[in-house]
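Under my numbering, think of the first position of the sequence shown as 6, with each following residue one higher.
For each residue, glycine too, the CB sits at the ideal point set by N, CA and C.
Predicted model only: the values in this text are computed from it and were never measured.
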Amino acid sequence: MKTLRLKPGEDRRIREGHPWVFANESASPLSGYQAGETVDVEDAQGEFIGRGYVNPHSLIAARILTRRKEAIDQPFFRRRLERALAYRERVCPGANAYRLCYSEGDHLPGIIVDRYGGVYVLQILTAGMEALLEEIQGAIHDLFAPRAIVARNDLPSRKLEGLPQEKRVLSGEIPSPLVARVGEVEMEVDALEGQKTGLFLDQRENYRLLQGRVAGKRILDLFCYTGGWALHAARWGAEEVVGVDGSARAVEEARWNAERNMLSPCCRFVQEEVFEGLRSREQRGERFDVVILDPPAFVKSRSRIREALKGYREVNRRAIRLLSPGGLLMTSSCSYHLEREAFREMLRRAAAEAGREVRLLEMHGQARDHPVLLAVPETEYLKCAVLEVYE
Numbered sequence: 006m007k008t009l010r011l012k013p014g015e016d017r018r019i020r021e022g023h024p025w026v027f028a029n030e031s032a033s034p035l036s037g038y039q040a041g042e043t044v045d046v047e048d049a050q051g052e053f054i055g056r057g058y059v060n061p062h063s064l065i066a067a068r069i070l071t072r073r074k075e076a077i078d079q080p081f082f083r084r085r086l087e088r089a090l091a092y093r094e095r096v097c098p099g100a101n102a103y104r105l106c107y108s109e110g111d112h113l114p115g116i117i118v119d120r121y122g123g124v125y126v127l128q129i130l131t132a133g134m135e136a137l138l139e140e141i142q143g144a145i146h147d148l149f150a151p152r153a154i155v156a157r158n159d160l161p162s163r164k165l166e167g168l169p170q171e172k173r174v175l176s177g178e179i180p181s182p183l184v185a186r187v188g189e190v191e192m193e194v195d196a197l198e199g200q201k202t203g204l205f206l207d208q209r210e211n212y213r214l215l216q217g218r219v220a221g222k223r224i225l226d227l228f229c230y231t232g233g234w235a236l237h238a239a240r241w242g243a244e245e246v247v248g249v250d251g252s253a254r255a256v257e258e259a260r261w262n263a264e265r266n267m268l269s270p271c272c273r274f275v276q277e278e279v280f281e282g283l284r285s286r287e288q289r290g291e292r293f294d295v296v297i298l299d300p301p302a303f304v305k306s307r308s309r310i311r312e313a314l315k316g317y318r319e320v321n322r323r324a325i326r327l328l329s330p331g332g333l334l335m336t337s338s339c340s341y342h343l344e345r346e347a348f349r350e351m352l353r354r355a356a357a358e359a360g361r362e363v364r365l366l367e368m369h370g371q372a373r374d375h376p377v378l379l380a381v382p383e384t385e386y387l388k389c390a391v392l393e394v395y396e
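And the structure:
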């Protein structure tokens, strides 16, 4: 097995638990490696640090899988997935839809596995994990006897690894319909064509923030996708729920989900460009008791933060203006590059520009099946704030 040696002084962060080796930290010429090749990482003195895989074409030149000299084979992945499953059984007992494997958060950098009943949706993010696909797939079969394994490898980040984008069923057959229980509602999952792996699972625990706060109230759910927030608001007694999304397909699926949960009488879903819809509602003088904002990531890279902040500030400012006195704004950002304090400052400015006095009641993050590895701040990305308009 080849070794990748670090430059002097570049081993500290990695010894403290971070699994990434950046290209400028390598003393070994990267041209000597094949993308996805397994390597041992050594410090400048030749001492073993960990074993992982390398990609000479990526800014992240290597990712460490283990701190031991052990084989990276099917039994290795089985052990890691067994440990990931045991954690999920503790934090979301009885659930049949959750993130089974969260990349670095489960010490398997480069793969994500989401479970929807008997269907396991796999995302391969790196060339190293692509080279190990057979071993990963075998471990999933051994552990779970899945009804189907689906590859949702249509992420733009794969281009940075020199990998093609694809969507395909690796084994088995996806049931139609594929239905999973998320929180208090059942939702149909489109494992091949839906966003991400079919559903957004990271807000599952935050849906509970609506309980006890929406009964008899008028709710506006913006960027509603297939209705996760809206359906929970209806389940917990909202009088009227208006869901808005720019995707006609998402809106249609939200309607189906409302019917499936017998919540259609109080739910109305509208295809509409969110920013334009906010402006129109403000002009008409509409008011809501609760507004929910769960937009897609506006920040795709650190260089675009300033531009993205303008979008976040505008959408939150207009949402705050639609709230009745004492109303609540449930607002989120899934952009890793927008740090928590910057998110709070953006909300402060949005409230000031809206001319409303706002209190921050709570701040939350991603669901516990998306565990944050303390040594890897990149594993923490979701911010979810509960704000109250004081007057």
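As assigned by DSSP and simplified to three states, the class of C389:
strand
Helix, strand or coil, according to DSSP, for H62 in the structure here?
coil
6 Å CB neighbourhood of E21 in its chain, flanking five on each side removed
A380
What is the DSSP secondary structure of D147, counted as helix, strand or coil?
helix
Hey, how far is the Cα of R240 from the Cα of E287?
27 Å
Suppose you measure from the CA of L127 to the CA of A156; what does that come to, to the nearest Å?
5 Å
Whose C-alpha, out of D16, R120 and I116, is nearest the C-alpha of R72?
D16
Give the secondary structure of N158 by DSSP, where H, G and I count as helix, E and B as strand, and everything else as coil.
strand
Measuring straight from C-alpha to C-alpha, what distance separates D4 and Y395?
Outside the displayed range of the chain (6 to 396) lies residue 4, so it cannot be described from this structure.
Over what stretch of residues does the alpha helix (DSSP H) that includes M134 continue unbroken?
A132 to A136
When the Cα of A220 is compared with those of D294, P98, E178 and F228, which residue comes out closest?
D294
Which residue wins for smallest C-alpha separation from T43, given the options A132, M267 and C272?
A132
With DSSP as the reference, identify every bridge partner of R68, one or two as the case may be.
W25 and Y58
Element boundaries [beta strand (DSSP E), containing K172]
E171 to G177
Pull up the DSSP beta-bridge partners for L225, would you.
V247 and V296
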